[in-house]
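Engineer: Would you mind keeping the following structure in view while I ask a few things?
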Amino acid sequence: MAIRDEFEVAAGQVRAAVQRFALGLLVIAAFGAMLVGKADTVLVEHARVLALDLASPVLEAIARPVAVANRTIADLKEFASLREENARLREENARLLAWQTAARRLENENEGLRGLANFREGPEASFITARIVGDSVSAYVRGALLNVGRRVGVAPGQAVVTGEGLAGRIAEVGDNSSRVLFVTDVNSRLPVLIERTRERAILAGDNSSQLRLTLLQSLQGVQRGDRIITSGHGGSFPVGIPVGEVVGTGEGHVRVRPFADFSRLEFVRVVDYGVTGLVSGPQGTPSTPSGVAGQRVR
Amino acid sequence: MKADGLLAVLDRWGRATLPGAVLLFFVLLTLAPLRAPYLSDALPLLPALVVFQFSLATPERLPGPLLLAMGILLDLLLGGPGAPVGVSALGFVLIRAAVVANRRYLVGVPFLFQWFGFCLLSLGFVILVWGFTALWTWTAIDPVPALIQYVVVVVIYPLIAPWLARVRARDPLNVPEPSRGTARPGETTS
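Quick mapping for you: the protein sequence lines, in order, are chains W and Y. Sequential numbering from 595 applies to the first sequence in this note's numbering. Sequential numbering from 3 applies to the second sequence in this note's numbering.
And the structure:
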C-alpha cells in the first residue's frame with residue numbers, strides 16, 4: 595500500500611514537472627522544427643509535398659463553391675460598369691480583328707520564309723491545363739496550388755501561363771498536386787528580354803503587385819510601355835512568353851506590371867517544354883471534365 | 003460507472019474533437035482561392051483567431067502538441083521555399099499560453115476586453131511571424147501587407163468570435179468538477 599502511494603506521489607511529481615515545463619518543451623519543439631527546416635531542406639520539401647498531396651483533394655472539393663462565390667463577387671463588381679465595358683470591348687474587338695488579319699498574313703509569310711531558309715525550331719511545347727485549387731498567398735508568399743502533378747508530367751521549373759502571359763513557375767510537385775511560385779514572389783528571378791531592344795535582363799519579384807527589372811547591360815533605351823518577354827535562358831522556359839510591360843523607369847530600377855491578372859486566376863496552363871515534352875504525357879487525348887489534359891499544342 | 007450509449011459516446015467524441023476539427027478547417031481554408039476583397043487577405047490569420055478563441059473557452063481540448071502539429075501543417079501548406087516551418091506553431095503555442103496565464107482578465111469579462119486582448123496577442127503573432135520570416139530568408143520584407151492582414155483580422159474578429167464562442171455555452175464540462183453529474187436539467191451552479 596505504501597509502495598503504491600509512493601509510486602502515485604512520484605507519478606504526480608513527474609506529471610507536475612511535465613506540466614510546468616510543457617510550454618518550454620513546446621517552444622523548444624517549434625524551434626527544433628524551424629532549425630530542422632533550415633538544415634535539411636530536402637526533408638522539408640518532402641514534407642511539403644506530402645502535405646500538399648493530402649490537402650489537395652479537400653481543396654478540390656471546396657474549389658467549386660469557392661469559384662462560384664468568386665464569380666458572384668466579380669459579377670457584382672462588373673454590373674456597375676457594364677455599359678462602359680461593352681463599349682470598350684467593341685472598340686478593342688475592332689482593333690483586334692485588324693491585328694488578326696495582319697497576323698494571318700505574317701504567319702503565312704513567316705512559314706514561307708522558314709521553308710526557304712530551312713529553319714529548325716526548338717522542341718515543341720505541350721500544355722497541361724490545370725485548375726487552381728488553392729492560393730498560397732500571404733504577406734510572405736505569392737503562389738498557388740494546382741490539381742495536377744507528376745502523374746501527368748508536371749516537373750519543377752516548368753512555366754505556368756495564363757491567357758495573358760506568364761504567371762510563374764512550378765516550385766514543388768506531388769503526385770497529384772503542385773505548387774506554383776508566381777513571378778511576383780520575392781524568391782522569383784526570371785531571365786527576360788526587352789522585346790523592342792532585345793536586351794537581356796533579370797526580372798525579380800518583391801511580393802508586391804509589380805516586378806523589378808534588373809538590367810544586365812545599361813538602363814538606357816528602356817521606355818514606358820516596352821513589353822517584357824521570357825528569354826528562354828537557363829532551361830525549361832520557352833522563348834517569347836509575354837510577361838509584362840514597363841510602367842515606370844526611375845533611378846537604377848525599372849518597374850514592370852505583369853500581364854497575368856493574379857486576382858482572378860482560375861485555370862492555368864503548365865508548359866511542358868523540352869525533353870519531357872517530347873517523351874511523356876498523354877498526347878492528343880480529349881480533355882477530361884476536370885480540365886486535366888495533356889493536349890499537344892503547337 | 004454507468005455504461006454509455008452510442009449516442010453519448012459520439013457526443014463526447016464530437017465535443018472533444020470539435021475545436022481541433024474547426025482549427026484544421028480554418029488551416030485548410032487559408033489555402034482556399036477566395037477572391038473576396040480584404041477578406042482573403044485575412045485568411046492566413048484566421049487560425050490564430052481560432053486558437054485564441056478556443057484557448058479562452060476550452061484550452062484542455064486544444065492541447066499544446068495539437069497546436070504544434072497544426073502550426074507546422076499551416077507552415078508546410080502556406081510557406082514558399084525558404085520560409086520557416088514551425089513559426090506559426092510557435093505563435094499558436096505562445097497565444098495559448100498567454101491566454102491561459104491571463105484567463106482572469108479574459109474570461110467572463112465584457113467582449114471589448116476580449117477584443118482588446120486579441121488585438122494585443124495577434125499583433126504579437128504577426129510581428130513574430132514577420133520577424134522570423136525576414137530573419138530566415140534574410141531579406142527585408144515589406145511589413146505593410148502583414149499589417150493590412152492584421153487590421154482586417156482585428157476588424158472581423160467580432161463577426162467570427164461569438165460564433166466560435168458558442169462551443170462553450172452548451173458544454174457540460176464547464177460545470178465545476180464536484181457538481182458534475184448531480185445537476186438536474188435547468189439547474190445552475192454558482
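Positions of the beta carbon are idealized from the N, C-alpha and C atoms, including for glycine.
Cutting at 6 Å between CB atoms, please list the residues of its own chain near W:L676, excluding the five before and the five after it.
Structural biologist: Here residue 676 of chain W corresponds to residue number 82 of the first sequence, with the count starting at 1. So no residue of the chain qualifies.
Engineer: Report the rounded CA-to-CA distance for Y:V109 versus W:R745, giving the unit in angstroms.
Structural biologist: As a first step, residue 109 of chain Y is located in the second sequence; it is residue number 107 there, counting from the start. As a first step, residue 745 of chain W is located in the first sequence; it is residue number 151 there, counting from the start. Cα to Cα, Y:V109 sits roughly 51 Å from W:R745.
Engineer: Please report the straight-line C-alpha distance between Y:F115 and Y:P160, rounded to a whole angstrom.
Structural biologist: Here residue 115 of chain Y corresponds to residue number 113 of the second sequence, with the count starting at 1. Here residue 160 of chain Y corresponds to residue number 158 of the second sequence, with the count starting at 1. So the alpha carbons of these two residues sit roughly 12 Å apart.
Engineer: Using a beta-carbon distance below 7 Å, is W:D729 in contact with chain Y?
Structural biologist: What you label residue 729 of chain W is simply residue 135 of the first sequence in a count that begins at 1. Taking Cβ atoms only, chain Y reaches closer than 7 Å to W:D729, which makes this a yes.
Engineer: Suppose you measure from the CA of W:V786 to the CA of W:Y734; what does that come to, to the nearest Å?
Structural biologist: Here residue 786 of chain W is taken as the residue at index 192 of the first sequence, counted from 1. Here residue 734 of chain W is taken as the residue at index 140 of the first sequence, counted from 1. Whole-angstrom Cα-Cα distance: 24 Å.
Engineer: DSSP has W:V862 in a bridge; who is on the other side?
Structural biologist: The residue given as residue 862 of chain W occupies position 268 in the first sequence. Looking at the DSSP assignment, W:V862 forms a beta bridge with W:A724.
Engineer: With a threshold of 7 Å between beta carbons, is Y:T135 in contact with chain W?
Structural biologist: Taking the second sequence and counting its residues from 1, the one referred to as residue 135 of chain Y is at position 133. Interface residue, yes.
Engineer: Report the neighbours of Y:P35 on chain W: residues whose CB is nearer than 9 Å to its CB, in chain order.
Structural biologist: As a first step, residue 35 of chain Y is located in the second sequence; it is residue number 33 there, counting from the start. Correct list: L653, A657, V660, A661, N664, I726, V727, G728, D729, V731, A738, L739, L859, E860.
Engineer: Just verifying my parser: in three-state terms, what is the DSSP assignment at Y:P164?
Structural biologist: What you label residue 164 of chain Y is simply residue 162 of the second sequence in a count that begins at 1. Helix at Y:P164.
Engineer: Rounded to whole angstroms, what is the Cα-Cα separation between W:F601 and W:E766?
Structural biologist: Here the question's residue 601 of chain W lines up with position 7 in the first sequence. Here the question's residue 766 of chain W lines up with position 172 in the first sequence. Cα-Cα distance, rounded: 52 Å.
Engineer: Could you tell me the alpha carbon to alpha carbon distance between Y:A197 and W:E839, rounded to whole angstroms?
Structural biologist: There is no way to answer for residue 197 of chain Y, as the model of chain Y reaches only from 3 to 192.
Engineer: Does the distance from the C-beta atom of W:G737 to that of W:R773 stay below 7 Å?
Structural biologist: Reading the first sequence from its first residue, position 143 is the one you call residue 737 of chain W. Reading the first sequence from its first residue, position 179 is the one you call residue 773 of chain W. Their beta carbons are under 7 Å apart, which means W:G737 touches W:R773 by this criterion.
Engineer: If you drop the 5 nearest sequence neighbours on each side, which residues of the same chain put their C-beta closer than 6 Å to that of Y:F120?
Structural biologist: The sequence position of residue 120 of chain Y within the second sequence is 118, counting from 1. Within the same chain, Y:F120 has close Cβ partners F54, Y159.
Engineer: Y:A59 and Y:I74 look like a contact to me (Cβ under 8 Å); what is the Cβ gap, rounded to whole Å?
Structural biologist: Locating residue 59 of chain Y in the second sequence gives position 57, counting from the first residue. Locating residue 74 of chain Y in the second sequence gives position 72, counting from the first residue. Between Y:I74 and Y:A59 the Cβ distance is about 24 Å, and since that is not below 8 Å, they are no contact.
Engineer: Counting along the chain, where does the alpha helix (DSSP H) carrying W:E705 start and finish?
Structural biologist: Locating residue 705 of chain W in the first sequence gives position 111, where the first residue counts as 1. It spans 676-711 - the alpha helix (DSSP H) in which W:E705 sits, taken as one unbroken run.
Engineer: How is the beta strand (DSSP E) around W:F776 delimited, first residue to last?
Structural biologist: Along the first sequence, read from residue 1 onward, the residue named residue 776 of chain W stands at position 182. 772-776 is the span of the beta strand (DSSP E), which, as asked, contains W:F776.
Engineer: Within 7 Å of any Cβ in chain W, is that where the Cβ of Y:E179 sits?
Structural biologist: Your numbering for residue 179 of chain Y matches position 177 in the second sequence. The predicted model places Y:E179 with a pLDDT of 44, which falls under 50 and marks its position as unreliable; any figure quoted below should be read in that light. By this cut-off, Y:E179 is not an interface position.
Engineer: What did DSSP end up calling Y:R63 once you bin it into helix, strand or coil?
Structural biologist: Sequence index remark: in the second sequence, residue 63 of chain Y carries index 61 (1-based). The answer is helix: DSSP assigns Y:R63 an H, G or I state.
Engineer: Give the residues of chain Y in contact with W:G838, contact being defined as C-beta atoms less than 9 Å apart.
Structural biologist: Position 244 of the first sequence, counted from the start, is the residue given in the question as residue 838 of chain W. Simply none; closest approach about 19 Å.
Engineer: Are the C-beta atoms of Y:I74 and some chain W residue less than 7 Å apart?
Structural biologist: Taking the first residue of the second sequence as position 1, residue 74 of chain Y is located at position 72. For Y:I74, the answer is yes, since a Cβ of chain W falls inside 7 Å of its Cβ.
Engineer: Closer than 9 Å, Cβ to Cβ, to anything on chain Y: give me those residues from the stretch 773-802 of chain W, in chain order.
Structural biologist: Those residues of the stretch 773-802 of chain W that come within reach of chain Y (Cβ to Cβ, closer than 9 Å) are R773, L775, D779, V780, N781, D800, N801, S802.
Engineer: Could you spell out where the beta strand (DSSP E) holding W:I788 opens and where it closes?
Structural biologist: Locating residue 788 of chain W in the first sequence gives position 194, where the first residue counts as 1. 783-788 is the extent of the beta strand (DSSP E) around W:I788.
Engineer: Are any of the Cβ atoms in chain W nearer than 7 Å to that of Y:R17?
Structural biologist: Start at 1 with the first residue of the second sequence, and residue 17 of chain Y comes out as number 15. It does not; no Cβ of chain W falls within 7 Å.
Engineer: When you compare each of Y:G66, Y:V29, Y:R14, Y:V11 to Y:D77 by their alpha carbons, which one comes out closest?
Structural biologist: Indexing the second sequence from 1 puts residue 77 of chain Y at position 75. When each option's Cα is compared against that of Y:D77, the closest is Y:V29.
Engineer: For W:T695, count the other beta carbons within 10 Å of its own beta carbon; 16 or more makes it buried, fewer makes it exposed. Which is it?
Structural biologist: For the purposes of this step, residue 695 of chain W is taken as the residue at position 101 of the first sequence. By the 10 Å Cβ count, W:T695 comes out exposed.
Engineer: Distance, Cα to Cα, W:N704 vs W:L710?
Structural biologist: Reading the first sequence from its first residue, position 110 is the one you call residue 704 of chain W. Reading the first sequence from its first residue, position 116 is the one you call residue 710 of chain W. Cα to Cα, the separation comes out at about 10 Å.
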